[in-house]
Structures are given as C-alpha cells and as structure tokens.
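First up is the structure itself, then whatever we jot down about it.
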Amino acid sequence: EDQVTQSPEALRLQEGESSSLNCSYTVSGLRGLFWYRQDPGKGPEFLFTLYSAGEEKEKERLKATLTKKESFLHITAPKPEDSATYLCAVQAGGGYNKLIFGAGTRLAVHP
Amino acid sequence: GAGVSQSPRYKVAKRGQDVALRCDPISGHVSLFWYQQALGQGPEFLTYFQNEAQLDKSGLPSDRFFAERPEGSVSTLKIQRTQQEDSAVYLCASSLNAGRGEGYEQYFGPGTRLTVT
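Protein chains in written order, with my numbering: chain A, 1 to 111; chain B, 1001 to 1117.
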C-alpha cells in the first residue's frame, strides 16, 4: 500500500535556527514527490516537485531533496512568515495522478 | 492570474440534508481533483476528472457522494443525506495536463468547510 509519513508532527524554531523536515514514503513506482505549504484556513500552496533520487530544488530559504526512500525539506535561517503546515505528497505509477499526502509538519518560527 | 475558486467557503448543514459544493478550476486546466481534509490531517483523494470524463472515483467514501464536470470546466461535488462524519474541508485542485513534466503540479482552491450538525 502506498504510504507517506512525515516527521516531526510539530516543530518550533527560533528565527534564524535552521532545521529539516522529513518525508518517508513507500510507493509502487514513484512518478513524483510534491511539497506544499498550507496556512490556516487556506488551501495547499505548491512549492516543489521532485522526480528522481538525487534531485534538489531551491526557493528562497527552502531546499527540497529526494532519495529513494525519503525527502527532506531544509529551511535555512527561517523567519516568522515561514510558519505554516508543510505537506508532502507522492504520485504513484499506474494510477491517474492522484496525490497521496502525509499528515504534515506544523512549523512555528518565533522571533 | 485567477486561481482555483470554490464556493461556498463555509457550509452548515443539518444531518440528512443534501449539499452541493462548486469548484472553478484555472482556465484551460485539463485535470480536476477533489480531496477531503479532516482536521489535523493531510488531504485525501476523492475523485479525478480529465476534461469531462470521471476517470477515477475510487476515493468516494459512499454512494452518497457524487461529482460531475459536464462541460469540462466547472465541477460540482454533491453529498446526499449528509452525516456528521462528512464534516471536513473539501478541496478542489486542477492541473494543466494529465501527463508527467511541466504543468503536472496541482493547484488548490481555498476549500469549502462543511459542518454537519
């Protein structure tokens, strides 16, 4: 069964304190791994797509990496506006493009 | 440009009532998805349309749930005889095409929060 597990469930950081969020997955034939950001009361906002092991993508203070079993979202020198829930999702081969999500990591960055 | 829009944003229904939730995808997007998100959880897939064809409805939890996209643009998710366990946020997403590569990512609307009392 295709599955996504994110850790930690919640993370509290001081402004400027770098850290990483983990997304472990088991999937039959990975077609893509996606990172989204979700603010309270809003829909998920697309951040990155990774397609193959070894791939990396960056956007401002965020960098996403991918291995054959997990992905990391590295946050460098976070600011309070980075506070949100970060969701990881996979697309499996053989299906019709549906996303299978993890439960998310709630990130709080304090000044 | 305009993103995915959903209406209503909030809906309160009494148990047993029927509800209809609307999604306006990004113009020109071929693929449209519906997801259900419980509090503190990630979204869970309900159903998928490619243009007007409903190609995957494996995530619909019961035959009380019905979705349509008759002209390949706007979609409606209908829930008949609502139950308390239907309370959740219903998210709609669209993507430009149905293949792999550019235009593959899904863009989400703000969701409709359904509360069944």
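Cβ coordinates follow ideal geometry from the N, Cα and C atoms, glycine included.
Measure from the C-beta of residue i to each C-beta in chain A and report whether the shortest distance is under 8 Å.
i: residue 989 (chain B); result: There is simply no residue 989 (chain B) to check, as chain B begins at 1001 and stops at 1117 in what is shown.
i: residue 1032 (chain B); result: no
i: residue 1065 (chain B); result: no
i: residue 1056 (chain B); result: yes
With DSSP as the reference, label residue i as helix, strand or coil.
i: residue 55 (chain A); result: coil
i: residue 1106 (chain B); result: coil
i: residue 1018 (chain B); result: coil
i: residue 1119 (chain B); result: Outside the shown range of chain B (1001 to 1117) lies residue 1119 (chain B), about which nothing can therefore be said.
i: residue 1044 (chain B); result: strand
Use the C-beta contact count for residue i: other C-beta atoms within 10 angstroms, 16 or more gives buried, fewer gives exposed.
i: residue 1086 (chain B); result: buried
i: residue 67 (chain A); result: exposed
i: residue 1112 (chain B); result: buried
i: residue 1037 (chain B); result: buried
i: residue 1084 (chain B); result: exposed
i: residue 1012 (chain B); result: exposed
i: residue 98 (chain A); result: buried
i: residue 1029 (chain B); result: buried
Does residue i come within less than 8 Å of chain B when only Cβ atoms are used?
i: residue 108 (chain A); result: no
i: residue 44 (chain A); result: yes
i: residue 11 (chain A); result: no
i: residue 77 (chain A); result: no
i: residue 49 (chain A); result: yes
i: residue 63 (chain A); result: no
i: residue 72 (chain A); result: no
i: residue 97 (chain A); result: yes
Looking only at its chain, what residues have a beta carbon closer than 7 Å to the beta carbon of residue i, apart from the 5 residues adjacent to it on each side?
i: residue 1064 (chain B); result: 1079, 1080, 1081
i: residue 983 (chain B); result: As displayed, chain B neither begins before 1001 nor continues past 1117, which places residue 983 (chain B) out of reach and without an answer.
Please go through the same chain and pick out, in chain order, the residues whose beta-carbon is closer than 6 Å to the beta-carbon of residue i, but skip the five residues on each side of it.
i: residue 44 (chain A); result: 36, 38, 87
i: residue 26 (chain A); result: 3
i: residue 32 (chain A); result: 49, 51, 91
Tell me which residues share the same chain as residue i and place their Cβ nearer than 8 Å to its Cβ, disregarding the 5 neighbours each side in the sequence.
i: residue 1067 (chain B); result: 1034, 1046, 1047, 1049, 1054, 1057, 1060, 1075, 1076, 1077, 1078
Is it the case that the region 1010 to 1028 of chain B contacts the region 1070 to 1077 of chain B, given that we only count it when at least three CB pairs across the two stretches are under 8 Å? yes
Could you tell me whether the region 70 to 79 of chain A touches the region 5 to 21 of chain A, where touching means 3 or more Cβ pairs closer than 8 Å? yes
For the region 91 to 109 of chain A against the region 2 to 13 of chain A, do three or more pairs of beta-carbon atoms, one drawn from each stretch, fall closer than 8 Å, so that the two count as touching? yes
Is the region 1039 to 1057 of chain B touching the region 50 to 61 of chain A, taking contact as three or more C-beta pairs under 8 Å? no
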